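Colleague: Chains as they are written, first to last, in this note's numbering: chain E, 871 to 1108; chain L, 28 to 400; chain U, 84 to 457.
(1) Going along the chain, which residues of its own chain have a beta-carbon closer than 7 angstroms to the beta-carbon of residue 438 of chain U, five neighbours each way excluded?
(2) By Cβ distance below 7 angstroms, which residues in the same chain neighbour residue 453 of chain U in space, the five residues on each side in sequence not counted?
(3) Since I believe residue 913 of chain E is in contact with residue 1032 of chain E (beta carbons under 8 angstroms), could you give me their beta-carbon distance rounded to a whole number of angstroms?
(4) Can you find at least 3 beta carbon pairs, one from the segment 1010 to 1029 of chain E and one from the segment 988 to 997 of chain E, that sit closer than 8 angstroms?
(5) Between U/370, U/298, U/99, U/157, which lies nearest to residue 133 of chain U when the distance is taken from Cα to Cα?
(6) For the alpha helix (DSSP H) that contains residue 132 of chain U, what are its first and last residues?
(7) Does any residue of chain U have a CB that is nearer than 8 angstroms to the CB of residue 362 of chain L?
(8) Could you work out which residues of chain U lie near residue 340 of chain L, taking near to mean beta carbons separated by less than 7 angstroms?
(9) At a Cβ cut of 7 angstroms, what residues of the segment 322 to 350 of chain U count as close to chain E, listed as they run along the chain?
(10) When you compare the CB positions of residue 396 of chain U and residue 446 of chain U, do they come within less than 8 angstroms of one another, or not?
(11) Excluding five sequence neighbours on each side, which residues of the same chain lie with their C-beta closer than 8 angstroms to the C-beta of residue 273 of chain L?
(12) Does the count of Cβ pairs from the segment 209 to 221 of chain L and the segment 76 to 94 of chain L closer than 8 angstroms reach three?
(13) Under DSSP, the alpha helix (DSSP H) around residue 383 of chain U begins and ends at which residues?
(14) Is residue 31 of chain L close to chain U, meaning its C-beta is less than 8 angstroms from at least one C-beta of that chain?
(15) Compute the distance between the beta-carbons of residue 1077 of chain E and residue 891 of chain E, then report whether it is under 8 angstroms.
(16) Roughly how many whole angstroms lie between the Cα atoms of residue 1088 of chain E and residue 1094 of chain E?
(17) Taking the straight line between their C-alpha atoms, what separation do you get for residue 1152 of chain E and residue 910 of chain E?
(18) When the Cα of residue 170 of chain L is compared with those of U/449, U/443, U/448, which residue comes out closest?
(19) Taking only beta carbons into account, state which residues of the segment 103 to 137 of chain U come closer than 9 angstroms to chain L, listed in chain order.
(20) Are the segment 171 to 191 of chain U and the segment 321 to 330 of chain U touching, with three or more C-beta to C-beta distances below 8 angstroms?
(21) In this structure, how does DSSP classify residue 1091 of chain E when only helix, strand and coil are distinguished?
(22) For chain L, is any of its Cβ atoms less than 8 angstroms away from the one on residue 161 of chain U?
(23) Name the chain E residues whose beta carbon is nearer than 9 angstroms to that of residue 248 of chain U?
(24) Using alpha carbons as the reference points, say which of L/372, L/227, L/342, L/136 lies closest to residue 287 of chain L.
(25) Residue 405 of chain L and residue 109 of chain L look like a contact to me (Cβ under 8 angstroms); what is the Cβ gap, rounded to whole Å?
(26) Do we get a CB-CB distance below 8 angstroms when we pair residue 436 of chain U with the residues of chain L?
(27) Which whole runs of the alpha helix (DSSP H) in the segment 252 to 294 of chain U are 4 residues long or more, in chain order?
(28) Buried or exposed: residue 178 of chain L, going by 16 or more other Cβ atoms within 10 Å of its Cβ?
(29) Since residue 434 of chain U is in the alpha helix (DSSP H), which residue starts that stretch and which ends it?
(30) Based on the DSSP secondary-structure assignment, which residues constitute the bridge partners of residue 1084 of chain E?
(31) Does the Cβ-Cβ distance between residue 368 of chain U and residue 135 of chain U come in under 8 angstroms?
(32) Using the rule of at least 16 other Cβ atoms within 10 Å of the residue's Cβ for burial, across every protein chain shown, is residue 980 of chain E buried or exposed?
(33) Does chain U have any CB closer than 8 angstroms to the CB of residue 163 of chain L?
(34) Is the beta carbon of residue 230 of chain L less than 8 angstroms from the beta carbon of residue 98 of chain L?
(35) What is the DSSP secondary structure of residue 220 of chain U, counted as helix, strand or coil?
(36) Going by beta-carbon coordinates alone, are residue 345 of chain U and residue 1036 of chain E separated by less than 8 angstroms?
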């Protein structure tokens, strides 16, 4: 198992945001965490990236315990995230933003980095047109592409995507999701957090349902999509 | 509650700070509460005699200087200044690095009106001086309060320096020689304000502090106080909610300036001789240190901070030339270990959040999985 | 101080103003860098500068053997030897100021960020044991011994507290910096090479007139200062814009958390930021002693305030703004002093700042390390 989260507990002050979350991601999968606002999805992602300190439980990556490892070392191991709200550096150009993705790589300025840049440009042709534009001037959809592309520049083994569809038009959402599938097919494992549960469950190999800091349900993506309770709670259907 | 329960209660609680004490006093029956407060106030009025109390005396007495002099010339003044600066920095969240300017305006107004250019009595000069300080606060605040936090800091710092240099260069204000023979407060019955006995000045200062404390307490819990809270926590949100943030920031500035000016008059009336070197830029920094050291936004913290900053260097006079160094180290240590100050602000929000539990919803569907892939 | 200014010509004032402005600019860079990355006024930066002046002085007198001005004449070096001496002095200033800035970050700032800090714990443990001992005995040697003995147990305790996991409020950083600044200045006054008096340093180079410019004699030290400051600034801008670490600095300035997610070691970047600011201040310190031939334990305070004013004037967080702000301030002060009298010099500086902020609330060039390209 590539990522193994066991009984993870995280608190903001005295409020426990995660009360023992456990799940795992196998190499090559797309796994999604779905749930309502405040269920703890983003907290989980931030904790995997090392932005939150843990009060209990453990995170293992590729068999190695990374629970207390500083963020920047996790990136070196191959965990990279496109965060919620995209986190584009507004004062850097698209090119520089992408370069930031390769910040932690050992093979700086190598052919491999250029190849990866080319690959990102192929995935997102829009970015190629805008290489020397400032990140802050991009549209929401372009920023999302940049965030994903930037995370790919670190050549991650595990790509964390937090709400990639947030604030985007439906047509763009479909496009982003098909690109995510494409990235996965090219060999990158993906952990995806989504409020747009329908799309996410359709694309995911497996899914976990989070509710107020607990995993309440798990299963294959398609199966959960048909689960009446999940439908009632998250898909607005009957 | 049985005795053993009471003991358990006492031992199980972590050490509380003075704010905790305040809460417990608040929970007491009315009579007990008021007599306790009265006792406390009386003991404050007896402060000039503290050095004669056995253990307390050893703790507080200032070797080499008269304790009486220290509490009248420094402690009372610093406490008043800290109270005023706390309104600006602690309540409204405006970083003011030039507070000494208002203090100087107050002192100089008294000097000008009672000695340099007129012979008005102290009692008349003080309200005028406070009003002039307040106006100077408005004059400085009107153009500058639209600036964001750190810009305000440097501008106010400049203001303090401008006041000092102007006083130094204007012959009308006595230039670098300063102003002497400033009016002293009028005698009230047995209280004779002379040079021999500092106690009357102390009683006067303490009384003013108590009045200011009552005034500020009322203010803090008023609409203005709530507006300051909103401005401090999130200015943009407050503005969106319809709070005229600029107006309330200006109020904070004006009230802070008035209290600073009042402290200045108290100082000038006691020492009766002022010159520009009494108001260096470093004094502003020291005042700010007093507020933050005590606990930004907490009136009791400001009082403690002001007292500590004024008294500590005098207490340790036996290594006279090294006490400023000790003060610097102490400042770092307090900030590192108690970043919220000695008496932190009570945060009501935190208290209810601590007791708040998210509603426990039972899963509406199927089995509860703690999944492993 | 006031009258001589009036007899000087406009161009005379310009040359000296630019040189003074260049020194302001170099010190301002330290404020701007730290503000850009941490959103903090690094109040102790003035002491980093002050320590640099003493480092240059010690390099010149103790290592090179140039006597103090008051101690008599000194045969000026020329040619390659002079260059070597100047380089040694500036490197001395830069090394000590840079190290001082880094130490400052680890002692007065990082413990407040709440993620644990070893160096800070050790230094503060020593400082507190030393200080407590100082309160009771006057013998410096005893104090040092007690300080050393107390260090180990206290450091262990302190480190536990420094891992509190959350950052202190912003004002706490400011006060901690003020405390550190006070302690450093006082330590130099008490245990430093000289007491509290102002005194003249050693003169490293003969202040010859290099050339005439619009009827004004331009002295060699002014030229060195102006050229040196421009070189330092160019190097800094190149570093921040062109290197990987420089990009890391900008990333942290714009969005700390995203920088973390992308693998930037934020603590290291902050350290580098302080180091850069310190190195610039060290260079400024050497140039200051070169022109003004004097130093004192409290020389940093007013110069620091002025340099911070320069940084705000140009737009804090903006590297080019620091240069522009420094120059505007240096020139404005000189012209203003000639017009209104030297005693109003400082008032002119602040009135200038106020006027600029009225019309451009974020300085002449605006804030930029964060928002736009440097």
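Beta carbons are placed, not taken as given, at the ideal position from N, Cα and C, and that holds for glycine.
Just so you know, these numbers come straight off a predicted model, no measurement behind them.
Modeller: This is what the structure holds:
(1) No residues qualify anywhere along the chain.
(2) Caution is warranted here: a pLDDT of 47 is assigned to residue 453 of chain U, below 50, making its placement in the model unreliable, and no coordinate value can be reported.
(3) In this structure, residue 1032 of chain E and residue 913 of chain E do not form a Cβ contact; the two beta carbons are roughly 10 angstroms apart against a cut-off of 8 angstroms.
(4) Of all C-beta pairs linking the segment 1010 to 1029 of chain E to the segment 988 to 997 of chain E, three or more are shorter than 8 angstroms, placing the two stretches in contact.
(5) Residue nearest to residue 133 of chain U within the set U/370, U/298, U/99, U/157 is U/370 (criterion: CA-CA distance).
(6) 128 to 141 is the span of the alpha helix (DSSP H), which, as asked, contains residue 132 of chain U.
(7) Taking Cβ atoms only, chain U reaches closer than 8 angstroms to residue 362 of chain L, which makes this a yes.
(8) Under the 7 angstroms cutoff, chain U gives no residues; its nearest Cβ is about 11 angstroms from residue 340 of chain L.
(9) Using a CB distance below 7 angstroms, the part of the segment 322 to 350 of chain U facing chain E consists of 327, 330, 331, 333, 334, 337, 338, 340, 341, 343, 344, 345, 346, 347, 348, ordered along the chain.
(10) Taking 8 angstroms as the cut-off, the Cβ atoms of residue 396 of chain U and residue 446 of chain U count as close.
(11) The answer, listed in chain order, is 172, 173.
(12) The segment 209 to 221 of chain L, when compared against the segment 76 to 94 of chain L, does not touch it at the 8 angstroms Cβ threshold.
(13) Bounds of the alpha helix (DSSP H) holding residue 383 of chain U are 382 to 397.
(14) Its pLDDT being 44, under 50, residue 31 of chain L is placed unreliably by the model, and the measurement read from it follows with that caveat. Closer than 8 angstroms: no.
(15) Taking 8 angstroms as the Cβ cut-off, residue 1077 of chain E and residue 891 of chain E do not qualify as a contacting pair.
(16) Answer to the nearest angstrom: the Cα atoms are 8 angstroms apart.
(17) Examination of residue 1152 of chain E is not possible in this model, given that chain E is present from 871 through 1108 alone.
(18) For the residues U/449, U/443, U/448, the minimum Cα distance to residue 170 of chain L belongs to U/443.
(19) Within the segment 103 to 137 of chain U, the residues whose Cβ lies closer than 9 angstroms to some Cβ of chain L are 118, 122, 123, 124, 126, listed in chain order.
(20) In this structure the segment 171 to 191 of chain U does not lie against the segment 321 to 330 of chain U, because fewer than three pairs of beta carbons, one per stretch, are closer than 8 angstroms.
(21) Reduced to three states, the DSSP call for residue 1091 of chain E is helix.
(22) At a cut-off of 8 angstroms between beta carbons, residue 161 of chain U makes no contact with chain L.
(23) Within chain E, the residues near residue 248 of chain U are 923.
(24) A check of alpha carbon separations from residue 287 of chain L across L/372, L/227, L/342, L/136 identifies L/136 as the nearest.
(25) For residue 405 of chain L there is no data in the structure shown, the boundaries of chain L being 28 and 400.
(26) By the rule that beta-carbons nearer than 8 angstroms mark a contact, residue 436 of chain U touches chain L.
(27) Counting only unbroken stretches of 4 or more residues, the alpha helix (DSSP H) elements lying wholly within the segment 252 to 294 of chain U are 253 to 274, in sequence order.
(28) Buried, since its Cβ has 16 or more Cβ neighbours within 10 Å.
(29) Per DSSP, residue 434 of chain U is one residue of the alpha helix (DSSP H) stretching across 428 to 442.
(30) According to DSSP, residue 1084 of chain E bridges with E/1081.
(31) Between residue 368 of chain U and residue 135 of chain U, the C-beta spacing is below 8 angstroms.
(32) It is exposed - the Cβ of residue 980 of chain E has fewer than 16 other Cβ atoms within 10 Å.
(33) No, no contact with chain U.
(34) Contact: no.
(35) Coil.
(36) Inclusion of residue 345 of chain U and residue 1036 of chain E in the CB contact set at 8 angstroms is not warranted, their separation being larger than that value.
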